[in-house]
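Heads up, the thing below is written out as structure tokens.
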Amino acid sequence: MSKRVLIITGETGSGKSTQLPQYVYEAGWLIAKPTQISPNGATMAVTQPRRVAALTLAARVAEEKNWQLGQHVGYSIRFEECRTPQVTVISYMTEGMLVQELLRDPLLRRFRVVMLDEVHERSLQTDILLGLMKKVLRKRPYDLRLIVSSATVEVKRFMDYFSDLCKPDLDKRPDSRSLGSVAHLNVEGRQYPVHVFYSIDPVPCYLKASKDVVFNIHESRPLGGDILVFVTGQNEVIQLVGELVDEYRARKERFLQSKATEKPSKQPVSYPPLRCLPLHGSLPQSDQLRIFDRPTRSCRKVVVATNIAETSVTLPGISYVVDCGFARLKAYNPTTGLEALVTVPTSQASARQRAGRAGRTRTGETFRLYTEEVYHSLLPRFTPPESLRTDLSGALLRLKTLGVDRLARFDWLDPPPPSHVGQAAERLVALGALDPDTGRLTVPRGLKLAEVSTACGLDQPSAAAALLGSCEEGCSQEIAAIVSLMQIQRLFVSAQGQRRHGDRLRRQLFGCRQGDHLTELNAFTAYEKQAQTCSPSELRNWCRDAGLNFRGLVHAVTLRDRIGVMFRRLKLPWVKAEPEGNPEPVLRALVRGYFHQVARLAPSGSHYLTVRGDHQLRLHPNCVLYSSCAKWPAWILFTNVFLATDAAAGTEDSSWRISSSGDGLPTCVSGVSAIQPDWLLELAPHYYHFGTDREHLERALRVSA
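In the working numbering, the protein residues as written are 470 to 1174.
Have a look at this one:
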């Protein structure tokens, strides 16, 4: 490794993520030397965009090297660590965990090699780490190496980005020129031919089309090749798995009935078995590992996955891929100041990655549920970097904590739009985290906000602000539970086709007329009471009967407890609201963090309008307030934003589907609670008494420039 930066490209499954760290170890790079800057030996960090990848890759390397997981190779993800200090030499971790390492030690002296994997995804954390690692390399030019790994990446852009590391003023030693700056290596993967089939006409519903294609493959192709289906999100994964299971049972029944009317055969005849499995980022570890099980030769496996299966996880035995042609991405609108999850066409690069999954072990087939013309003329070449399409307030707070004073001057691979930077600065000023004149973190509030946000792994400063606000309102335990529940994707679950029953059950058991946050808090409290007297199996059954996500609640309790530890360490009050069950302190604490996400009821009573800009918002059908109130509250606070097409997915409310298909795509909200408007002027006067929107933006841009 004569270069400071090595850019590795290669097809998915070529061994970049598992073999490269082993090569680095075997080459002796992870052995401490007398001149080593690290006091803890020489280790290697390998970052992954997702938890599931960090877990599975660490386990795979441990298996290949015959090591015990947590000894020489381990992993580090939020709220879970499996490694041994002074022993572990290869640490797989999520990108956020490496950012936390930088907060503890800006020079990363514990590491001799850092590998940023899957950089083609260009997540916000990836781009931040690229800039930060470039800064660290300038401070440690001789004993730190960076590997940038990707399946599909614009190599020249990355080469140019790191090319200035060998400037003479940065290298004082005579032999520094021999180190060079950056090199590129392409790894040839073992790839079998993949035949790509396009839809002749556009499909009206890709979930139905996916189901039809799966059974067409299953009934027409020989057993021995598994199927991978790409959809856009966790809800669609769960929905399609349920529909596939139901369809399989129906087809098997029809098959057996048809055979019963035929003449008896000497050979036993049966409908070929099909095993349907989900794969998404929130899946428990035990369920994640099931996707790697090899079915018997007489059984075919079908995995329904989000884009996590594009590159992060290589599944064995896949011969057929069904590509819906869409993905869910964050999209930020600086005009409204809202960030929403939006379903958009995937990129050509992602489509190629998905197709390549079919050719790992044998000749494969990919079925694209869109026309060839759409692929060539409408799909973008690459997915836009997240830094160009997301709310930057969390990134700005994180970089301020790391000592980066000016976000606009940070060494971005793709600089974000000035309007996004300005909005982020304005948001942090309004939260009291930034001084509006100097642009630095305020003392003590800004520092506390940054520490709470980092320690809890919160992407949005608003959640951290609500936690701090709970100290003033005397309800820190309740807000900690609500914030913890925000980190899981689904608290309430219901069987396929029983969503309405699940909604009724939720309102009956836990419903609160103030809205979603207190309803979820009621469910959390009920779960904790049951946990005191039930065995784990009884508790799991209780959650199933109550329509609650058992694994999600386990995770939320863990996070709530960690927040409690952090509060005690910072000497913050860890108390419950008095009298117990009083909703006002909890709602006021939420307003202290989410005052910028409020809306008032329109005169028609059919939708809401944002305070700034009068942008229309609609309640998601799953909101407690949507169907439990004869008249909707005059003012609401919301924590989740969707476009109508995404919101309608998975709901059985036909009126919602019809009204959402008119002109344009209405924005809808969930995580909704009723509030009092006078709280806004009391708790956030600096935000609502601060001139026009243009003045807001211009002042914020001056702070961040």
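Where is the CB? At the ideal position from N, CA and C, for every residue including glycine.
Next on the checklist: On the DSSP bridge list, what partners appear for M812?
Outcome noted: Residue numbering aside, residue 812 sits at position 343 when the sequence shown is read from its first letter. For the record, residue 812 in the displayed sequence is Thr; it is not Met. DSSP output for T812 lists R797 as bridge partner(s).
Checklist entry - Curious, which full-length alpha helix (DSSP H) runs of at least 4 residues does the region 649-718 contain? => result 675-689
Checklist entry - In whole angstroms, what separates the C-alpha of H1155 from that of A894? => result Translated into the one-based positions of the sequence shown, residue 1155 becomes position 686. Translated into the one-based positions of the sequence shown, residue 894 becomes position 425. Their Cα atoms are separated by approximately 14 Å.
Checklist entry - Looking at E997 and F851, is the spacing between their C-beta atoms short of 9 Å? => result The count along the sequence shown starts at 1 and reaches residue 851 at position 382. The count along the sequence shown starts at 1 and reaches residue 997 at position 528. Not closer than 9 Å, so no.
Item to check | Through-space distance from G943 to L639, alpha-carbon basis | outcome: For this step, residue 639 is matched to residue 170 along the sequence shown. For this step, residue 943 is matched to residue 474 along the sequence shown. Any reading at L639 is ruled out, since the residue's pLDDT is 45, under 50, leaving its predicted position unreliable.
Next on the checklist: To the nearest angstrom, how far is the alpha carbon of L1106 from that of L634?
Outcome noted: In the sequence shown, the residue the question calls residue 1106 occupies position 637. In the sequence shown, the residue the question calls residue 634 occupies position 165. Rounded to the nearest angstrom, the two C-alpha atoms are 48 Å apart.
Item to check | Residue ranges of each alpha helix (DSSP H) within the region 926-975, 4 or longer | outcome: 930-942 and 945-955
Checklist entry - What's the gap between the Cα of T805 and the Cα of Y1077? => result Position 336 of the sequence shown holds residue 805. Position 608 of the sequence shown holds residue 1077. Cα to Cα, T805 sits roughly 14 Å from Y1077.
Checklist entry - V683: buried (16+ other C-beta within 10 angstroms of its C-beta) or exposed? => result For the purposes of this step, residue 683 is taken as the residue at position 214 of the sequence shown. So V683 counts as buried.
Checklist entry - Which of helix, strand or coil does DSSP assign to I777? => result Here residue 777 corresponds to residue number 308 of the sequence shown, with the count starting at 1. The answer is helix: DSSP assigns I777 an H, G or I state.
Item to check | Distance, D792 Cα to N776 Cα | outcome: As a first step, residue 776 must be located in the sequence shown, where it is residue number 307. As a first step, residue 792 must be located in the sequence shown, where it is residue number 323. Straight-line Cα distance between these residues: approximately 10 Å.
Item to check | Candidates P610, R607 and V651, of which the one nearest M628 by Cα | outcome: Along the sequence shown, read from residue 1 onward, the residue named residue 628 stands at position 159. It is V651 whose Cα lies nearest to the Cα of M628.
Next on the checklist: Just to confirm, is the Cβ distance from C981 to V1093 under 9 Å?
Outcome noted: For the purposes of this step, residue 981 is taken as the residue at position 512 of the sequence shown. For the purposes of this step, residue 1093 is taken as the residue at position 624 of the sequence shown. Their beta carbons are under 9 Å apart, which means C981 touches V1093 by this criterion.
Item to check | Residues sharing a beta bridge with R614, DSSP | outcome: Within the sequence shown, numbered from 1, the residue matching residue 614 stands at position 145. R614 is bridged to V582.
Item to check | Identity of the residues DSSP links to V515 by a beta bridge | outcome: On the sequence shown, residue 515 is found 46 positions in, with the first residue counted as 1. Paired residues: Y561 and M584.
Checklist entry - So, Y561 versus Q517, is the Cβ gap smaller than 9 Å? => result Taking the sequence shown and counting its residues from 1, one reaches residue 561 at position 92. Taking the sequence shown and counting its residues from 1, one reaches residue 517 at position 48. Yes, they are a contact pair.
Next on the checklist: How far does the beta strand (DSSP E) with Y544 in it extend, from its first residue to its last?
Outcome noted: If you number the sequence shown from 1, residue 544 lands on position 75. Looking at the DSSP string, the run of the beta strand (DSSP E) that includes Y544 is V542 to I546.
Checklist entry - How close, in whole Å, do the beta carbons of N1018 and I957 come, if the pair is a contact with beta carbons under 8 Å? => result Here residue 1018 refers to the residue found at position 549 when the sequence shown is read from its first residue. Here residue 957 refers to the residue found at position 488 when the sequence shown is read from its first residue. With a Cβ gap of about 7 Å, N1018 and I957 count as contacting.
Item to check | C-alpha distance - R744 paired with K677, whole-angstrom precision | outcome: In the sequence shown, the residue the question calls residue 744 occupies position 275. In the sequence shown, the residue the question calls residue 677 occupies position 208. Taking the straight line joining both Cα atoms gives about 18 Å.
Checklist entry - Taking just the CA atoms, how far does R581 sit from P508? => result If you number the sequence shown from 1, residue 508 lands on position 39. If you number the sequence shown from 1, residue 581 lands on position 112. Only weak support exists for where P508 lies, its pLDDT of 46 falling under 50; the value from the coordinates is given anyway. Using only the alpha carbons, I get a separation of about 11 Å.
Next on the checklist: So the candidates are P1048, R1038 and S953; which of them puts its Cα closest to the Cα of T1027?
Outcome noted: Sequence index remark: in the sequence shown, residue 1027 carries index 558 (1-based). Here the closest residue by C-alpha is S953.
Checklist entry - Nearest CA to the CA of K728: which residue from R718, S739 and A719? => result Sequence index remark: in the sequence shown, residue 728 carries index 259 (1-based). With distances taken between Cα atoms, K728 lies closest to S739.
Checklist entry - Taking C-alpha atoms, which residue in D756, F1036 and A523 lies nearest to T563? => result Your numbering for residue 563 matches position 94 in the sequence shown. Nearest C-alpha to T563: A523.
Checklist entry - Which first and last residues belong to the alpha helix (DSSP H) in which V1138 is found? => result Your numbering for residue 1138 matches position 669 in the sequence shown. No alpha helix (DSSP H) holds V1138; the beta strand (DSSP E) holding it covers T1136 to A1143.
Checklist entry - For T487, which residues from the same chain have a beta carbon less than 8 Å from its beta carbon, with the 5 sequence-adjacent residues on both sides left out? => result Translated into positions along the sequence shown, residue 487 becomes position 18. Cβ neighbours of T487 beyond the five flanking positions: L526, R529, V530 and E533.
Item to check | Extent of the continuous alpha helix (DSSP H) run through W1104 | outcome: Indexing the sequence shown from 1 puts residue 1104 at position 635. Where W1104 is concerned, there is no enclosing alpha helix (DSSP H), although the beta strand (DSSP E) it sits in stretches over W1104 to L1112.
Checklist entry - L1088 and C1137 look like a contact to me (Cβ under 8 Å); what is the Cβ gap, rounded to whole Å? => result The residue given as residue 1088 occupies position 619 in the sequence shown. The residue given as residue 1137 occupies position 668 in the sequence shown. Indeed they touch by this definition, with Cβ atoms about 7 Å apart.
Next on the checklist: From the DSSP secondary-structure annotation, give me the bridge partner or partners of A1068.
Outcome noted: Counted from its first residue, the sequence shown places residue 1068 at position 599. A1068 pairs with T1079 and I1105.
Checklist entry - Which same chain residues, not among the five before or five after A1000, have their C-beta less than 7 Å away from its C-beta? => result As a first step, residue 1000 is located in the sequence shown; it is residue number 531 there, counting from the start. Excluding sequence neighbours, A1000 sits near L1008.
Item to check | Rounded separation between H541 and T553 - CA only | outcome: One-based indexing of the sequence shown puts residue 541 at position 72. One-based indexing of the sequence shown puts residue 553 at position 84. So the alpha carbons of these two residues sit roughly 8 Å apart.
Checklist entry - Can you list, in chain order, the residues of its chain whose CB lies under 6 Å from that of L1086, leaving out five sequence neighbours each side? => result Your numbering for residue 1086 matches position 617 in the sequence shown. Within the same chain, L1086 has close Cβ partners A1068, Y1077, T1136 and V1138.
Next on the checklist: Between the alpha carbons of Q660 and T840, how many angstroms are there, rounded?
Outcome noted: Residue mapping note: residue 660 aligns to position 191 of the sequence shown, counting from 1. Residue mapping note: residue 840 aligns to position 371 of the sequence shown, counting from 1. For Q660 and T840, the distance between alpha carbons rounds to 25 Å.
Item to check | Neighbourhood of L987 by C-beta distance below 6 Å, restricted to the same chain and skipping five residues each side | outcome: By one-based count along the sequence shown, residue 987 stands at place 518. Excluding residues within five positions, the ones whose Cβ falls inside 6 Å are C981 and P1052.
Item to check | Beta-ladder partner(s) of V771, from DSSP | outcome: Here the question's residue 771 lines up with position 302 in the sequence shown. According to DSSP, V771 bridges with I696 and C745.
Item to check | T783 - DSSP class collapsed to helix/strand/coil | outcome: If you number the sequence shown from 1, residue 783 lands on position 314. Looking at T783 - three-state DSSP - the assignment turns out to be coil, as it is neither helix nor strand.
Checklist entry - Just how far apart, CA to CA, sit L876 and A864? => result Indexing the sequence shown from 1 puts residue 876 at position 407. Indexing the sequence shown from 1 puts residue 864 at position 395. Cα to Cα, L876 sits roughly 9 Å from A864.
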